[in-house]
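Residue numbers (this note's numbering): 224 to 593.
Right, here's the structure in full:
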């Protein structure tokens, strides 16, 4: 937020901002920075706790079949104890030197699936639907600290967990010196629940139909396309979040460092980005509510021109631009360091869309969807 602080000081020098107003803004930015840092830690700790819990439960169930996963918890905690910054800057080739690349596939024919739980320490995850009634988990791994292909394969198998029981699939790789890029193909069907947790890596999904969908990453961008869900929660500490051509009754998405873009049909939406722009394109005219919080970015909202709306917009250093016809400003506060606008708009929709948008240094735009 260094640019924002410089911008405030420049305004003081030019006389457009008083020292008192500048102090208030700087304190607000400092508070936002503190919240941002805490959120990064919270996301990291939440993912690590969930992974540790799942691995412990899986190991207890799996213990009677094999001892090979008994040290998973120690490996997870070893990874967790590295700092978030180290994860962000992780360079595997430099850190671990020699590596061996291997491939491995887990396959199930004529599969029944209702729940999927995926935990990956290092590597990108891609979940796709296909027309076959089979499950395929295609792994491309780099195993470090070895030059022997057989040893690399053995290390991968000993530190990768895959189970399928009563429609519930569990896949986990939690070894620090192993990077696994995973593509999962699932039947084009309806699923009850999908959980994805990644420490260091991107996530992508395509054409999925899931009631309850949660995707979290400590460091990695997220891209979801063609998603149909009742509830979607997407969260990353470092990376863009893009949700394209999708629908959700309830959507919650948050990124600490990155832009946030959604387009599709949504009912209740809650979005937050500490360092990036937020863009929302609503293809439906039945949106119930939109809550957006940003710190340094702009907020762009696109809706159909027939949508009735009411809401409240806030910004400190930015401005407002309401490009839809028929916008009725109910209340407006336009001080240099604090701007607020309450508005209402009549439309042909049965109930109005409720909009609450707040950004510290950015501007807020409401536009017609083209």
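A virtual CB, placed ideally from N, CA and C, is assigned to each residue, including glycine.
Return yes when the Cβ of residue j is within less than 8 angstroms of the Cβ of residue i, no when it is not.
i, j, result
"residue 360", "residue 405", "yes"
"residue 419", "residue 334", "no"
"residue 553", "residue 543", "no"
"residue 337", "residue 414", "yes"
"residue 467", "residue 511", "no"
"residue 575", "residue 533", "yes"
"residue 331", "residue 387", "yes"
"residue 589", "residue 548", "no"
"residue 436", "residue 454", "yes"
"residue 483", "residue 501", "yes"
So what's residue i in DSSP terms, helix, strand or just coil?
i, result
"residue 388", "strand"
"residue 253", "helix"
"residue 287", "Residue placement at residue 287 cannot be trusted, given a pLDDT of 41 that sits under 50; the coordinates are not used to answer."
"residue 493", "strand"
"residue 536", "strand"
"residue 380", "helix"
"residue 402", "strand"
"residue 321", "coil"
"residue 561", "coil"
"residue 585", "coil"
"residue 508", "coil"
"residue 472", "strand"
In whole angstroms, what separates the C-alpha of residue i from that of residue j?
i, j, result
"residue 368", "residue 490", "49 angstroms"
"residue 584", "residue 383", "45 angstroms"
"residue 470", "residue 326", "34 angstroms"
"residue 559", "residue 540", "7 angstroms"
"residue 323", "residue 396", "17 angstroms"
"residue 346", "residue 262", "22 angstroms"
"residue 226", "residue 480", "15 angstroms"
"residue 556", "residue 550", "16 angstroms"
"residue 423", "residue 579", "33 angstroms"
"residue 474", "residue 401", "33 angstroms"
"residue 408", "residue 354", "10 angstroms"
So residue i and residue j are supposed to be a Cβ contact under 8 angstroms. How far apart are they, rounded?
i, j, result
"residue 564", "residue 505", "Actually they are not in contact, since the Cβ atoms of residue 564 and residue 505 sit about 20 angstroms apart, beyond 8 angstroms."
"residue 562", "residue 538", "5 angstroms"
"residue 462", "residue 488", "Actually they do not touch by this definition, with Cβ atoms about 24 angstroms apart."
"residue 350", "residue 403", "That pair is no contact at about 14 angstroms."
"residue 442", "residue 460", "6 angstroms"
"residue 530", "residue 570", "5 angstroms"
Is residue i near the ligand GDP - that is, is its Cβ less than 7 angstroms away from at least one heavy atom of it?
i, result
"residue 536", "What this structure holds is no ligand at all, so the ligand GDP is not there to describe."
inquiry  = Does the contact criterion of 3 or more C-beta pairs under 8 angstroms hold for the stretch 509-524 versus the stretch 485-499?
reply    = Between the stretch 509-524 and the stretch 485-499 there are three or more C-beta pairs closer than 8 angstroms, enough to call the two in contact.
request  = Indicate whether the contact test is met: 3 or more Cβ pairs, each with one atom in the stretch 424-434 and one in the stretch 444-462, closer than 8 angstroms.
outcome  = Counting C-beta pairs with one atom in each stretch, the stretch 424-434 and the stretch 444-462 have three or more that are closer than 8 angstroms, which means they touch.
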